[in-house]
Amino acid sequence: MWTPEHRRAAERRGLRYPSDLTDAEWVLVEPAIPPAKRGGRPRDVNVREVLNAIFYVLSTGCQWQALPKDLPPKSTAHYYFMLWDWDGTLERIHHMLYVATREREGREASPTAAIIDSQSARAAQKGASRSTRRATMRARRSRAASGTSSSTRSASC
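Plus 14 on top of the position in the sequence shown (first one is 1) and you've got the numbering used here.
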């Protein structure tokens, strides 16, 4: 339930975009960002802004090309997104924020209960009945129904 306390905690006013990191969030996240590689050119990009760009794309669903001009270039943001996805940085950031949120709410760091849909659980078992597996699969369409088949019938009848 949304209480006035919850609304104040979730308020994103004063940020450039609702997806931007607050100072408190940045303090939590900053230790998870890997340092620049040794050797070579020093890192000259603002990593917080790169993370803001990644969160902007993820929260709005826009294309990388549609990033606003006040965020880092799309090539830089996408490069770091791919790098941090590959090396697990994004997963660590998610986990840190997840644990911090649960603890702030007075809950245990990891949930102690889970809900599993029995239909999905049966379908996931090896050797599940064909009808169960079929219910969870995407329906197939015939070529005729999809309109991709071509007809050789003559137009002059």
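Glycine residues also receive a C-beta, built at the ideal position from the N, C-alpha and C atoms.
Just the C-alpha distance for residue i and residue j, rounded to the nearest angstrom, thanks.
i: SER73; j: ASP34; result: 10 Å
i: GLY53; j: VAL41; result: 27 Å
i: TYR70; j: GLN133; result: 35 Å
i: GLU122; j: GLU19; result: 20 Å
i: ARG30; j: ARG55; result: 30 Å
i: LEU81; j: SER124; result: 34 Å
i: THR77; j: LYS83; result: The amino acid occupying residue 77 in the given sequence is Gln; Thr does not appear at that position. GLN77 and LYS83: Cα-Cα distance of roughly 13 Å.
i: HIS92; j: GLU117; result: 31 Å
i: GLN79; j: ASN66; result: 15 Å
For a test of the three-state rule: what should DSSP assign to residue i, helix, strand or coil?
i: ALA114; result: helix
i: LYS83; result: coil
i: ASN60; result: coil
i: LYS51; result: coil
i: SER160; result: Here SER160 scores only 47 on pLDDT, less than 50, and its place in the model is too uncertain to base an answer on.
i: PRO18; result: helix
i: LEU72; result: helix
i: ARG27; result: coil
i: ARG106; result: helix
So, residue i versus residue j, is the Cβ gap smaller than 8 Å?
i: THR90; j: VAL59; result: yes
i: ALA46; j: THR103; result: yes
What distance in whole Å lies between the Cβ atoms of residue j and residue i, which are believed to be in contact at a cut-off of 8 Å?
i: VAL43; j: ILE107; result: 5 Å
i: ASP99; j: PRO48; result: So it is not a contact: roughly 13 Å between Cβ atoms.
Does the Cβ of residue i have 16 or more other Cβ atoms within 10 Å, making it buried, or fewer, making it exposed?
i: PRO86; result: buried
i: TYR94; result: buried
i: LEU97; result: exposed
i: ALA128; result: exposed
i: ALA50; result: exposed
Is the closest heavy atom of the ligand FMN to the C-beta of residue i under 7 Å?
i: GLY53; result: Because no ligand of any kind appears in the structure shown, any question about the ligand FMN cannot be addressed here.
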